[in-house]
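Peer 1: Can you read through this structure? Questions will come right after.
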Amino acid sequence: MRRKLVIGNWKMNGSRAANAELLSGIVSGLKDVNDRADCAVCVPAPYLAQCQQELNATPVAWGGQDLSIHASGAYTGEVAASMLVDFGASYVLVGHSERRAYHGETSELVAQKAVVALAAGLIPVICVGETLADREAGNTEAVICAQLQAALEAIPADRLAQVVLAYEPVWAIGTGKTATPQMAQQAHHFLRGCVAQKSADVADKMRILYGGSMKPDNAGELLAQADIDGGLIGGAALKAADFLAIIHA
Ligand code: 13P
Numbered sequence: 641m642r643r644k645l646v647i648g649n650w651k652m653n654g655s656r657a658a659n660a661e662l663l664s665g666i667v668s669g670l671k672d673v674n675d676r677a678d679c680a681v682c683v684p685a686p687y688l689a690q691c692q693q694e695l696n697a698t699p700v701a702w703g704g705q706d707l708s709i710h711a712s713g714a715y716t717g718e719v720a721a722s723m724l725v726d727f728g729a730s731y732v733l734v735g736h737s738e739r740r741a742y743h744g745e746t747s748e749l750v751a752q753k754a755v756v757a758l759a760a761g762l763i764p765v766i767c768v769g770e771t772l773a774d775r776e777a778g779n780t781e782a783v784i785c786a787q788l789q790a791a792l793e794a795i796p797a798d799r800l801a802q803v804v805l806a807y808e809p810v811w812a813i814g815t816g817k818t819a820t821p822q823m824a825q826q827a828h829h830f831l832r833g834c835v836a837q838k839s840a841d842v843a844d845k846m847r848i849l850y851g852g853s854m855k856p857d858n859a860g861e862l863l864a865q866a867d868i869d870g871g872l873i874g875g876a877a878l879k880a881a882d883f884l885a886i887i888h889a
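Throughout the sequence shown, residue numbering follows my numbering, covering 641 to 889 in sequence.
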């Protein structure tokens, strides 16, 4: 039985004051669910220190939204895996569709980032997802398979078990359009099958999160699907009550 995992992706949102209120709201509302689900927030890098301060010794983990493939040096603006670890991060998102779209990240680069994260002891959350054009052309499976394949090839078999996958259809992100539970389940089942080609055992244990307009009112039905092991939440992660409602679902 896979434990559910709910991750809030704050994207480029937050302020010290707003974060303090949001984090304390989450922590105080969480008390009774931690034996059934894991929970984390992935925050802009400047707020990692605040997470470390406010979430230490709570059931809420934290992480980054991206990392560099380099260890250190002349890479202005980038954040190294060791820096995330330095601030107590457990998770890091890699290959979010916004990174792929606005920063030209290829699946090969995303795979390298996952390898670097794993080597530093971080759990990479590898994000894949098709655009509306991909879906309408009937290419959903081919696209998400290709995005995942690069990572499956790059990650050593003994490390694959630490990976979390996230299926985020691009057309559902921030649009209020959610994949139906059946559509999401189909994609998740397909992705698990891709992982199974490398290791059936790992595929069985791997947590695959759904992301894309997951809200309190649709989370229950999505999370009830056999292959949906949690959520990667954008907008609804910015309100403690909504994020908690999804975790409770
Ligand atoms: P929304 O929940 O705002 O659609 O964002 C999803 C997402 O991109 C999480 O990474």
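Heads up, the beta-carbon is just placed ideally off N, CA and C, and yes, glycines get one too.
Everything numeric in this text was worked out from a predicted model, so none of it was measured.
#1: Please name the residue or residues paired with Pro-764 in a DSSP beta bridge.
#2: Please determine whether the Cβ atom of Ala-754 lies at a distance below 7 angstroms from any heavy atom of the ligand 13P.
#3: In chain order, what residues of the same chain lie with their CB nearer than 6 angstroms to the CB of Val-783, ignoring the 5 residues before and after it?
#4: Which residues share a DSSP beta bridge with Trp-702?
#5: Pair every Cβ in the segment 792-800 with every Cβ in the segment 744-764, then say whether three or more of these pairs are closer than 8 angstroms.
#6: How is Ala-791 classed by DSSP in three states: helix, strand or coil?
#7: Determine the burial state of Gln-599: buried for a count of at least 16 other Cβ atoms within 10 Å of its Cβ, exposed for fewer.
#8: Does DSSP put Ile-887 in a helix, in a strand, or in coil?
#9: Are Val-725 and Leu-707 touching if we call contact CB-CB under 8 angstroms?
#10: Assuming Tyr-807 and Val-755 make a contact with CB atoms under 8 angstroms, what is their CB distance in whole Å?
#11: Here's a check: name, in chain order, each residue in its chain whose Cβ is nearer than 6 angstroms to the Cβ of Gly-816, leaving out the five neighbours to either side.
#12: Consult DSSP for Leu-707 and reduce its assignment to one of helix, strand or coil.
#13: Could you give the residue range of the beta strand (DSSP E) that holds Ile-610?
#14: Below 6 angstroms CB to CB, which residues in the same chain sit around Glu-694 once its five sequence neighbours on both sides are set aside?
#15: Shorter than 7 angstroms, the distance from the beta carbon of Ala-680 to the closest heavy atom of the ligand 13P, or not?
#16: For the segment 677-687 against the segment 722-741, do three or more pairs of beta-carbon atoms, one drawn from each stretch, fall closer than 8 angstroms, so that the two count as touching?
#17: Would you list the one or two residues that DSSP bridges to Lys-879?
#18: By alpha-carbon positions, which one of Cys-691, Glu-781, Ala-757 ends up nearest to Leu-733?
#19: Would you kindly work out how many angstroms separate the C-alpha atoms of Ala-885 and Leu-670, rounded to a whole number?
#20: Taking 7 angstroms as the cut-off, is the beta-carbon of Met-652 closer than that to any non-hydrogen atom of the ligand 13P?
#21: Looking at the structure shown, is Lys-644 part of a helix, part of a strand, or coil, going by DSSP?
#22: For Ala-623 and Gly-648, what's the separation of their Cα atoms in angstroms?
#23: Which whole-angstrom value describes the C-beta separation of Val-750 and Ala-801, a residue pair presumed to lie in contact below a C-beta threshold of 8 angstroms?
#24: Pull up the distance between the alpha-carbon of Asp-857 and that of Val-810, whole angstroms please.
Peer 2: Put simply:
#1: As a working mapping, residue 764 is identified with position 124 in the sequence shown. According to DSSP, Pro-764 shares a beta bridge with Val-732.
#2: Along the sequence shown, one-based indexing puts residue 754 at 114. No; taking the cut-off as 7 angstroms, the Cβ of Ala-754 has no heavy atom of the ligand 13P nearer than that.
#3: Your numbering for residue 783 matches position 143 in the sequence shown. Taken in chain order, the residues that qualify are Glu-770, Asp-774.
#4: Along the sequence shown, one-based indexing puts residue 702 at 62. Answer is Val-681, bridged to Trp-702.
#5: Flag = yes, the segment 792-800 and the segment 744-764 touch.
#6: Translated into the one-based positions of the sequence shown, residue 791 becomes position 151. DSSP, read as helix, strand or coil, puts Ala-791 in helix.
#7: This structure gives no information on residue 599, because the portion of the chain shown stretches from 641 to 889.
#8: As a working mapping, residue 887 is identified with position 247 in the sequence shown. DSSP, reduced to helix, strand and coil, places Ile-887 within a helical segment of the structure shown.
#9: Numbered from 1 along the sequence shown, position 85 holds the residue referred to as residue 725. Numbered from 1 along the sequence shown, position 67 holds the residue referred to as residue 707. 8 angstroms or more divides the Cβ of Val-725 from the Cβ of Leu-707.
#10: Taking the sequence shown and counting its residues from 1, the one referred to as residue 807 is at position 167. Taking the sequence shown and counting its residues from 1, the one referred to as residue 755 is at position 115. Not quite, the Cβ-Cβ distance comes to about 21 angstroms (not below 8 angstroms), so this is no contact.
#11: Looking up residue 816 in the sequence shown gives position 176. Here the set comprises Ser-853.
#12: As a position in the sequence shown, residue 707 is number 67, starting the count at 1. Coil at Leu-707, not helix or strand.
#13: Any property of residue 610 remains undetermined from this structure, which presents the chain solely from 641 to 889.
#14: On the sequence shown, position 54 is the one that residue 694 refers to. Same-chain partners within the cutoff: Leu-663.
#15: Along the sequence shown, read from residue 1 onward, the residue named residue 680 stands at position 40. The answer is no for Ala-680.
#16: The segment 677-687, when compared against the segment 722-741, does touch it at the 8 angstroms Cβ threshold.
#17: Translated into the one-based positions of the sequence shown, residue 879 becomes position 239. Under DSSP, Lys-879 takes part in no beta bridge, so it has no partner.
#18: Numbered from its first residue, the sequence shown carries residue 733 at position 93. Residue Ala-757 holds the alpha-carbon nearest to the alpha-carbon of Leu-733 among Cys-691, Glu-781, Ala-757.
#19: In the sequence shown, the residue the question calls residue 885 occupies position 245. In the sequence shown, the residue the question calls residue 670 occupies position 30. Going from the Cα of Ala-885 to the Cα of Leu-670 covers about 10 angstroms.
#20: Sequence index remark: in the sequence shown, residue 652 carries index 12 (1-based). Because no heavy atom of the ligand 13P lies under 7 angstroms away, the Cβ of Met-652 does not count as near it: no.
#21: Here residue 644 corresponds to residue number 4 of the sequence shown, with the count starting at 1. Strand, per DSSP.
#22: With the chain running from 641 to 889 in the structure shown, residue 623 is simply not present.
#23: By one-based count along the sequence shown, residue 750 stands at place 110. By one-based count along the sequence shown, residue 801 stands at place 161. With 8 angstroms as the limit, Val-750 and Ala-801 do not qualify as a contact, their Cβ atoms being about 19 angstroms apart.
#24: Within the sequence shown, numbered from 1, the residue matching residue 857 stands at position 217. Within the sequence shown, numbered from 1, the residue matching residue 810 stands at position 170. Roughly 20 angstroms between the two C-alpha positions.
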